[in-house]
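Asker: Before anything else, here's the structure in question.
There are 2 protein chains.
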Amino acid sequence: MDAIAFKDKLKRYGYKLTTQRRAVLDVLIQRPGEHLSTEEIYSYVKESFPEIGLATVYRTMQLFEEIGIVNRLNFDDGCSRFELYVDNEDHHHHHLICEKCNKVFEVENDLLEEIEKEIGEKYKFYVKNHKVTFYGHCQECNEH
Amino acid sequence: MDAIAFKDKLKRYGYKLTTQRRAVLDVLIQRPGEHLSTEEIYSYVKESFPEIGLATVYRTMQLFEEIGIVNRLNFDDGCSRFELYVDNEDHHHHHLICEKCNKVFEVENDLLEEIEKEIGEKYKFYVKNHKVTFYGHCQECNEH
DNA sequence: CCATAGTTTGATATTAACTATCAATTGACA
DNA sequence: TGTCAATTGATAGTTAATATCAAACTATGG
Numbered sequence: 012m013d014a015i016a017f018k019d020k021l022k023r024y025g026y027k028l029t030t031q032r033r034a035v036l037d038v039l040i041q042r043p044g045e046h047l048s049t050e051e052i053y054s055y056v057k058e059s060f061p062e063i064g065l066a067t068v069y070r071t072m073q074l075f076e077e078i079g080i081v082n083r084l085n086f087d088d089g090c091s092r093f094e095l096y097v098d099n100e101d102h103h104h105h106h107l108i109c110e111k112c113n114k115v116f117e118v119e120n121d122l123l124e125e126i127e128k129e130i131g132e133k134y135k136f137y138v139k140n141h142k143v144t145f146y147g148h149c150q151e152c153n154e155h
Numbered sequence: 012m013d014a015i016a017f018k019d020k021l022k023r024y025g026y027k028l029t030t031q032r033r034a035v036l037d038v039l040i041q042r043p044g045e046h047l048s049t050e051e052i053y054s055y056v057k058e059s060f061p062e063i064g065l066a067t068v069y070r071t072m073q074l075f076e077e078i079g080i081v082n083r084l085n086f087d088d089g090c091s092r093f094e095l096y097v098d099n100e101d102h103h104h105h106h107l108i109c110e111k112c113n114k115v116f117e118v119e120n121d122l123l124e125e126i127e128k129e130i131g132e133k134y135k136f137y138v139k140n141h142k143v144t145f146y147g148h149c150q151e152c153n154e155h
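As given, the protein sequences belong to chains D and H, one line each in that order.
Read in order, the letters of the first sequence are residues 12 to 155 in our numbering.
Read in order, the letters of the second sequence are residues 12 to 155 in our numbering.
See the structure below:
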């Protein structure tokens with residue numbers, strides 16, 4: 012996401028482009044696949060923007076979620092975590108959590124389309140989004 | 012789940028059968044499909060067992076989750092919610108959350124088997140469990 | 001049935017993620 | 001560039017959940 016697309020997206024929702032919001036986005040872009048918590052994002056942003064306040068980061072993550080810049084993740088570790096939302100890719104993107112080592116793996120899979128279609132037909136529920144998490148044992152933990 | 016099966020399950024994990032644990036289980040059995048929070052369970056248990064403490068209910072829910080008596084649910088409303096875990100049934104049981112009215116619907120669907128098989132083959136990840144939530148609009152909200 | 005030991009409980013203090021408040025500052029637009 | 005509403009930073013407040021600890025209880029072996 013470049014500066015112009017970012018500004019446009021904010022504007023479309025009636026929000027302003029601020030240095031702080033840009034700085035938070037930059038951290039997310041620079042650290043793909045890390046599933047950062049708000050506090051972690053805060054500490055990374057402070058490296059390049061020491062004046063930023065924690066409350067601003069909390070507010071920014073809420074805003075980013077609202078306008079579809081991030082997905083809020085829940086790995087049952089007591090805080091929300093975030094990843095950049097990538098248009099086409101994300102509808103087919105799930106997480107595997109290993110219950111032994113607690114590592115989180117990413118998975119590409121498009122078989123959910125079928126399920127969503129069935130839910131639409133059978134329950135008349137229009138599916139816009141989904142969250143899917145699988146729990147089990149990763150390859151490494153299984154071998155030892 | 013009857014008294015004997017309950018006691019056995021606790022014993023198998025090295026825990027004792029207490030009046031409080033039994034009282035919490037009874038509330039869950041008497042209120043199927045309600046997705047109760049810990050505080051809600053606490054207030055229901057108090058009706059038949061006024062001396063119970065809130066901390067005990069929190070501890071009991073943690074224990075019930077550990078030994079597979081309940082599923083911990085996350086509907087992004089700031090607290091954990093719970094439902095009784097039912098052996099065969101539950102692996103095919105998902106939730107639909109309507110983003111307009113916030114009602115939660117239950118869905119039976121077994122198409123995930125296919126996805127889990129693929130994850131096992133492709134990523135060598137042994138799937139023991141999963142959590143699946145769909146977000147969208149329910150029939151009623153779509154019609155108005 | 002009773003004594004014992006280890007578990008569990010209730011009350012309460014504490015923690016931690018997150019939100020509300022508000023004066024000062026900033027960004028967008030005229 | 002001036003204006004004004006939006007945003008920010010600091011911090012107080014909230015709330016779900018956990019830690020602590022003495023008292024009470026449960027399971028077990030005698």
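Just so it is clear, CB atoms sit at the ideal spot from N, CA and C, and this is done for glycine as well.
Computed from a prediction, not measured in an experiment: that's the story for all the values here.
#1: For the segment 62–131 of chain D, list the alpha helix (DSSP H) runs that are entirely contained and at least 4 residues long, ordered along the chain.
#2: Quick one, which of D:MET12, D:ARG33 and D:PHE86 has its alpha-carbon nearest D:THR67's?
#3: Around the Cβ of H:GLY147, are there at least 16 other Cβ atoms within 10 angstroms (buried) or fewer (exposed)?
#4: How close, in whole Å, do the beta carbons of D:ASN153 and H:ASN85 come, if the pair is a contact with beta carbons under 8 Å?
#5: Quick check: the segment 118–138 of chain D against the segment 134–150 of chain H, are there 3 or more CB pairs under 8 Å?
#6: Please classify H:TYR96: is it buried, with 16 or more other beta-carbons within 10 angstroms of its beta-carbon, or exposed?
#7: Go ahead and label D:MET12 buried or exposed: buried means 16 or more other beta carbons lie within 10 angstroms of its beta carbon, across all protein chains shown.
#8: Helix, strand or coil for H:THR29, going by three-state DSSP, please let me know.
#9: For the candidate residues H:PHE145, H:CYS112, H:CYS90 and H:TYR55, whose alpha-carbon lies nearest to that of D:LYS128?
#10: Quick one: grab the DSSP three-state call for H:PHE17.
#11: Determine which residues of the segment 39–65 of chain H have a Cβ less than 7 Å from any Cβ of chain D, and write them out in chain order.
#12: In this structure, how does DSSP classify D:LYS139 when only helix, strand and coil are distinguished?
#13: Counting C-beta neighbours from all protein chains within 10 Å, is the total for H:ARG23 16 or more, i.e. buried, or is it exposed?
#14: Compute the beta-carbon to beta-carbon distance between H:LEU47 and H:ARG83, rounded to the nearest angstrom, for a pair I have assumed lies under 8 Å.
#15: Within the continuous alpha helix (DSSP H) that includes D:GLU50, where are the two ends?
#16: On the DSSP bridge list, what partners appear for H:TYR146?
#17: Rounding to the nearest angstrom, what Cα-Cα distance links H:CYS109 and D:CYS109 in this structure?
#18: Excluding five sequence neighbours on each side, which residues of the same chain lie with their C-beta closer than 7 Å to the C-beta of D:LYS111?
#19: Give every residue of the same chain whose Cβ lies closer than 8 Å to the Cβ of H:ARG42, excluding the five residues on either side of it in the sequence, and list them in chain order.
#20: From the DSSP output, in three-state form, read off D:TYR134 for me.
#21: Distance, Cα to Cα, D:ASP45 vs H:SER59?
#22: Got a sec? Which residues, its chain only, sit under 6 Å from D:TYR53 by beta carbon, not counting five neighbours each side?
#23: Using C-beta distances below 7 Å, list every residue in its chain close to D:GLU94, excluding the 5 sequence neighbours before and after it, in chain order.
#24: Comparing the C-beta of H:GLU125 with each C-beta of chain D, is any distance below 7 Å?
#25: What residues in the segment 120–144 of chain D bring their beta carbon closer than 9 Å to a beta carbon of chain H?
#26: Does the beta carbon of D:HIS104 come closer than 7 Å to any beta carbon on chain H?
#27: Please list, in chain order, the residues of the segment 109–120 of chain D that have any C-beta partner in chain H closer than 8 Å.
#28: Cα-Cα, which of D:THR49, D:ASP37 and D:ASP98 is closest to D:ASN140?
#29: Identify the contact partners of D:GLN150 in chain H, using a Cβ-Cβ distance below 9 Å as the criterion.
Answerer: Walking through what the data contain:
#1: The qualifying runs are 65–77 and 98–101.
#2: Numbered from its first residue, the first sequence carries residue 67 of chain D at position 56. Nearest option by C-alpha distance: D:ARG33.
#3: Counted from its first residue, the second sequence places residue 147 of chain H at position 136. Counting the other CB atoms within 10 Å of its CB gives H:GLY147 a total of 16 or more, which places it among the buried residues.
#4: Here residue 153 of chain D refers to the residue found at position 142 of the first sequence. Here residue 85 of chain H refers to the residue found at position 74 of the second sequence. Going by Cβ atoms, the distance from D:ASN153 to H:ASN85 rounds to 27 Å, so no, they are not a contact pair.
#5: Between the segment 118–138 of chain D and the segment 134–150 of chain H there are three or more inter-stretch CB-CB distances shorter than 8 Å, so the stretches are counted as touching.
#6: Against the second sequence, residue 96 of chain H aligns to sequence position 85. It is buried - the Cβ of H:TYR96 has at least 16 other Cβ atoms within 10 Å.
#7: Position 1 of the first sequence holds residue 12 of chain D. Per the 10 Å Cβ criterion, exposed.
#8: The sequence position of residue 29 of chain H within the second sequence is 18, counting from 1. H:THR29 falls in the coil class under three-state DSSP.
#9: Here residue 128 of chain D is taken as the residue at index 117 of the first sequence, counted from 1. Residue H:PHE145 is the option with its Cα nearest to D:LYS128.
#10: Here residue 17 of chain H refers to the residue found at position 6 when the second sequence is read from its first residue. Helix.
#11: Flagged: no residues at all.
#12: One-based indexing of the first sequence puts residue 139 of chain D at position 128. The answer is strand: DSSP assigns D:LYS139 an E or B state.
#13: Residue numbering aside, residue 23 of chain H sits at position 12 when the second sequence is read from its first letter. With fewer than 16 other Cβ atoms within 10 Å, it is exposed.
#14: Here residue 47 of chain H refers to the residue found at position 36 when the second sequence is read from its first residue. Here residue 83 of chain H refers to the residue found at position 72 when the second sequence is read from its first residue. The pair is not a contact, with the Cβ atoms about 12 Å apart (cut-off 8 Å).
#15: On the first sequence, position 39 is the one that residue 50 of chain D refers to. Note, D:GLU50: alpha helix (DSSP H), 49–59.
#16: Residue mapping note: residue 146 of chain H aligns to position 135 of the second sequence, counting from 1. Bridge partners of H:TYR146: D:ASN140 and H:ILE108.
#17: Within the second sequence, numbered from 1, the residue matching residue 109 of chain H stands at position 98. Within the first sequence, numbered from 1, the residue matching residue 109 of chain D stands at position 98. C-alpha separation (whole angstroms): 29 Å.
#18: Counting from one through the first sequence, the residue named residue 111 of chain D turns up at place 100. For D:LYS111, where only same-chain residues beyond five positions count, the Cβ hits under 7 Å are HIS148 and CYS152.
#19: In the second sequence, counting from the first residue as 1, residue 42 of chain H sits at position 31. Only residues of its own chain outside the window of five on either side were considered, and among them TYR55 have a CB closer than 8 Å to the CB of H:ARG42, listed in chain order.
#20: Translated into the one-based positions of the first sequence, residue 134 of chain D becomes position 123. DSSP places D:TYR134 in helix when its eight states are reduced to three.
#21: As a position in the first sequence, residue 45 of chain D is number 34, starting the count at 1. As a position in the second sequence, residue 59 of chain H is number 48, starting the count at 1. Per the sequence shown, the amino acid found at residue 45 of chain D is Glu instead of Asp. Computed Cα separation, rounded: 47 Å.
#22: Position 42 of the first sequence, counted from the first residue, corresponds to residue 53 of chain D. Short of 6 Å from the beta carbon of D:TYR53, and not among the five residues preceding or following it, lie these beta carbons of its own chain, in chain order: LEU65 and VAL68.
#23: On the first sequence, position 83 is the one that residue 94 of chain D refers to. HIS46, VAL81, ASN82 and LEU84, listed in sequence order.
#24: As a working note, residue 125 of chain H is residue 114 in the second sequence. True, the Cβ-Cβ gap to chain D drops below 7 Å.
#25: Only those residues of the segment 120–144 of chain D whose C-beta falls short of 9 Å from the nearest C-beta of chain H are listed: ASN120, LEU122, LEU123, GLU125, ILE126, GLU127, GLU129, ILE130, GLY131, LYS133, TYR134, LYS135, PHE136, TYR137, VAL138, LYS139, ASN140, HIS141, LYS142, VAL143 and THR144.
#26: The residue given as residue 104 of chain D occupies position 93 in the first sequence. No, no contact with chain H.
#27: From the segment 109–120 of chain D, only CYS109, GLU110, PHE116, VAL118 and ASN120 have a Cβ closer than 8 Å to chain H.
#28: Along the first sequence, one-based indexing puts residue 140 of chain D at 129. Checking every option, the nearest Cα to that of D:ASN140 belongs to D:ASP98.
#29: Residue 150 of chain D sits at position 139 when you count from the first residue of the first sequence. Chain H residues near D:GLN150: TYR134, LYS135, PHE136 and TYR137.
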